[in-house]
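S.K.: Under the working numbering, the residues of the first sequence are numbered 1387 to 1958, in order.
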Amino acid sequence: MRYSQYLVNTLKETPADAEVLSHQLMLRTSMIRKVAAGIYSYLPFGLRSIRKVEQIVREEMDRAGAAELLMPMVVPAELWQESGRWSQYGKELLRLKDRKDADFCLGPTHEEVITDIARRELRSYRQLPINLYQIQTKFRDEIRPRFGLMRGREFIMKDAYSFDLDDAGADKAYEKMYQAYRRIFLRCGLNFRAVEADSGAIGGSFSHEFMVLAESGEDAIVSCDACEYAANVEKAELRKATSAAPSPSAALTRVETPARKTIEDVALFLDLPPARLVKTLIVVTDGGDTVAVLLRGDRELNDIKLKNRLGCDWVELADEETVLKVTGAPTGFAGPVGLKLRILADHEVATLGDFVVGANLKDHHLTGVNHGRDFAVEAFADLRQAVAGDPCPRCSGKLEVWRGIEVGHVFKLGTKYSKSLSATVLDEQGQERPLVMGCYGIGIGRTMAAAIEQNHDENGIIWPMPIAPFQVIVTLLNPNDEPVAAAAEALYGELLHAGIEVLFDDRDERPGSKFKDADLLGIPLRVTVGARGLKDGVLELQERRGGERTLVPVAEVATVVAERVRRSLQVG
RNA sequence: CGGGGUGUAGCGCAGCCUGGUAGCGCACCUGCCUUGGGAGCAGGGGGCCGCUGGUUCGAAUCCAGUCACCCCGACCA
């Protein structure tokens, strides 16, 4: 491709609304342009990389025995009503009506449609196992799209769905996908970890997330410093504390704590560490229950654990009015003593004695509080967020906390959708059996963004070869010098002939600008064609990563480049 | 949805407080000059100052509303 005929509009300055590096660099290299919040056009330079990622995904999915298909983006409401998600999914589901006033939605994921295909097409266990995937534009009306392609509303996703006769088969399919994902992200040049995750709204029994380690990541993950255990913090299990509470030594005492509403304020006021306080969160559920949750003062509630424990779809902190009604005090003074609510407590609370809680009375707290003696708890459970230093649930190691970008997610779904949509096959005995499903997603654009997050320097992007928009850039320094221009043209032709993806910077620009642009665009190899080298019969070959320069005789350049490209495309 | 912020040329910004015919840098176009790390000079094009309404002789500027975008939060009482 000739630069002079291509659409690349590099920006010297960073657009003000781009917060993270991958977003800034994608804008500065004109890979993407925003059309609306969370909705982008992919310009030619960006699309080339998107297509590379897609192609890698295709190759690895095909290698794992999956078959590509393509489902519609617009999905009739009936299918979603049948699965029950039309009413469950909430506002992220963009709903629309056609001219006949019939309901549709833009597919945020395609379990319904694929299961509909499966129930129509799959009749016999002999057709199993089967895995179908697509690479398609999804729409999720996110509360807060941000960070460019990292969290868009419209985005390209690879979603795969496996169908098996039984659990053992489904486990095998899951394992295959898990391995395919490892290869995919390795080929994309990513430093990632597969972590245990909550299966969330998609449903199903267990799942792993593929997390790319990056400061800008929106998710927190924990990993053990001694064993292989790694999990999303949402999921990270914490063992039941072993030590028992000390026997009560203090009397229950009410103290005045004027206007001290937060843990921090109360701790400071009473001159105690926050860990000696117990906070009482008043929570309401979608089922209409109001529940009190106790946590050590310096801990945070993990709402997913709470939801799972209560078996409900959502929990929410009660509003001021509700808190006043159930505790008799404004927010900030809730406590378990005398409280007429279900009380759940984190395991850790069981190890505490003589602690401080709210008095259910404005501007008062209780000290010397002990569970069992002063109040009863319905149950102790694992309800808090994991933090760095917590013990590993699997071994004697300690947990570390990282930021990560979720680029892929594999779920074992079980029969959730096959049952609600009646997708069955006949087994060997002629018995009707629901299909056992798995589903497997990869965010294509997010994978590309994550690759940029991990591969850049102060001058711009440093593409990993397999997903680079171009493999080589030929920088012609003197386009008006006939012999030099002719040599560059010849090289360009040779490289194209060798099947190399080459961007030929034939613009009539000054060398400085061309070098800066080449660095910003991050193409892995650069061949500089200038009068200086040419008079010695050599061209300069430079690696974008590391900056290593080699002088190569003109006649050998194409061969050397081809060899380097070939080498850097090999997996891991 | 709550809080904060910003809308002026493609991008980055000034002007607004104190109302008087819209500016700077980059980018873009023309010419000269220059050519191994974002050169220089000269000339030029491009704006319903987000939108609507109000105040005023007069509004980018003041007031009201509205829309869009960005950031933080939306669970830590």
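Quick reminder that beta carbons are idealized off the backbone N, C-alpha and C, glycines included.
1) At the level of alpha carbons, what is the spacing between Leu1455 and Pro1865?
2) Taking 6 Å as the limit between beta carbons, can you name the residues of its chain near Lys2000, skipping five residues before and five after?
3) Answer yes or no: do Lys1900 and Asp1891 have a C-beta to C-beta separation smaller than 8 Å?
4) Would you tell me roughly how many angstroms separate the C-alpha atoms of Arg1437 and Gly1794, rounded to the nearest one?
5) Are the Cβ atoms of Ala1835 and Glu1880 separated by less than 8 Å?
6) In or out: Ile1909 buried (at least 16 other Cβ within 10 Å) or exposed?
7) Between which two residues does the alpha helix (DSSP H) harbouring Glu1792 extend?
8) For Ala1422, which of Ala1450, Glu1507, Ile1516, Pro1531 has the nearest alpha-carbon?
9) Which one of Asp1867, Glu1818, Asp1550, Lys1524 has the shortest CA to CA distance from Leu1921?
10) Tell me, which residues are paired with Met1597 by DSSP?
11) Between which two residues does the beta strand (DSSP E) holding Leu1543 run?
12) To the nearest angstrom, report how far apart Glu1926 and Arg1912 are at their CA atoms.
13) Please look up how many angstroms separate the CB atoms of Thr1753 and Thr1639, rounded, as I've assumed it's under 8 Å.
14) Relative to the C-alpha of Gly1432, which residue among Ala1463, Tyr1519, Leu1413, Asp1527 is closest?
15) When you compare only the Cα positions, how much space is there between Ala1600 and Gly1534?
16) Counting C-beta neighbours from all protein chains within 10 Å, is the total for Thr1936 16 or more, i.e. buried, or is it exposed?
17) From which residue to which residue does the alpha helix (DSSP H) around Gly1432 run?
18) Exposed or buried, Arg1960, counting other C-beta atoms within 10 Å across all chains shown (16 or more means buried)?
19) Compare the Cα-Cα distances from Thr1861 to each of Val1888, Gly1697, Val1641 and report the closest residue.
20) According to DSSP, simplified to helix, strand and coil, what is Ala1876?
21) Candidates Pro1494, Ala1653, Glu1582: which alpha carbon is nearest Lys1798's?
22) Can you check DSSP and say which residues form a bridge with Lys1921?
23) Suppose you measure from the CA of Gly1800 to the CA of Phe1592; what does that come to, to the nearest Å?
24) To test your reading of the DSSP string, which unbroken alpha helix (DSSP H) runs of 4 or more residues are found completely within the segment 1689–1738?
25) Just to check my reading of the structure: His1409 and Met1536 have Cβ atoms closer than 8 Å, yes? What is that Cβ distance to the nearest angstrom?
26) Let's see if you can read the secondary structure: which residues bound the alpha helix (DSSP H) around Tyr1567?
27) What first and last residue would you give for the beta strand (DSSP E) that runs through Gln1522?
28) Does the Cβ-Cβ distance between Gly1721 and Arg1539 come in under 8 Å?
29) Need the endpoints of the beta strand (DSSP E) that Arg1509 sits in, please.
30) Indicate whether Thr1523 and Ile1542 have their beta-carbon atoms separated by less than 8 Å.
31) Have a look at Asp1553 and Arg1471 and give me their C-alpha separation to the nearest angstrom.
32) Can you tell me which of the three DSSP states Leu1411 falls into?
33) Who does Pro1777 pair with in a DSSP beta bridge?
34) For the 8 Å Cβ check, are there 3 or more pairs between the segment 1545–1562 and the segment 1820–1829?
35) Tell me whether Leu1828 sits in a helix, a strand or coil according to DSSP, three-state version.
36) The alpha helix (DSSP H) spanning Gly1683 covers which residue range?
M.R.: Reading it off the structure:
1) 47 Å
2) With the chain covering 1387 to 1958 only, the question about residue 2000 has no answer from this structure.
3) yes
4) 17 Å
5) no
6) buried
7) Taken as a continuous stretch (DSSP letters only), Glu1792 belongs to no alpha helix (DSSP H), being part of the beta strand (DSSP E) at 1785–1800.
8) Pro1531
9) Before going further, note that residue 1921 is Lys rather than Leu in the sequence given. Among Asp1867, Glu1818, Asp1550, Lys1524, the Cα nearest to that of Lys1921 is on Asp1867.
10) Arg1579, Glu1792
11) This sequence places Met at residue 1543; Leu is not what is there. Taken as a continuous stretch (DSSP letters only), the beta strand (DSSP E) holding Met1543 covers 1540–1550.
12) 8 Å
13) 5 Å
14) Leu1413
15) 15 Å
16) exposed
17) 1430–1449
18) Residue 1960 is absent from the model: the chain starts at 1387 and stops at 1958.
19) Val1888
20) helix
21) Glu1582
22) DSSP output for Lys1921 lists no bridge partner at all.
23) 9 Å
24) 1689–1696, 1706–1713
25) 7 Å
26) 1553–1573
27) 1516–1525
28) no
29) Taken as a continuous stretch (DSSP letters only), Arg1509 belongs to no beta strand (DSSP E), as it is neither H nor E.
30) yes
31) 24 Å
32) helix
33) Lys1784
34) yes
35) It should be noted that the sequence gives Ile, not Leu, for residue 1828. Three-state result, Ile1828: strand.
36) Looking at the DSSP string, Gly1683 is not in any alpha helix (DSSP H), and its letter there is neither H nor E.
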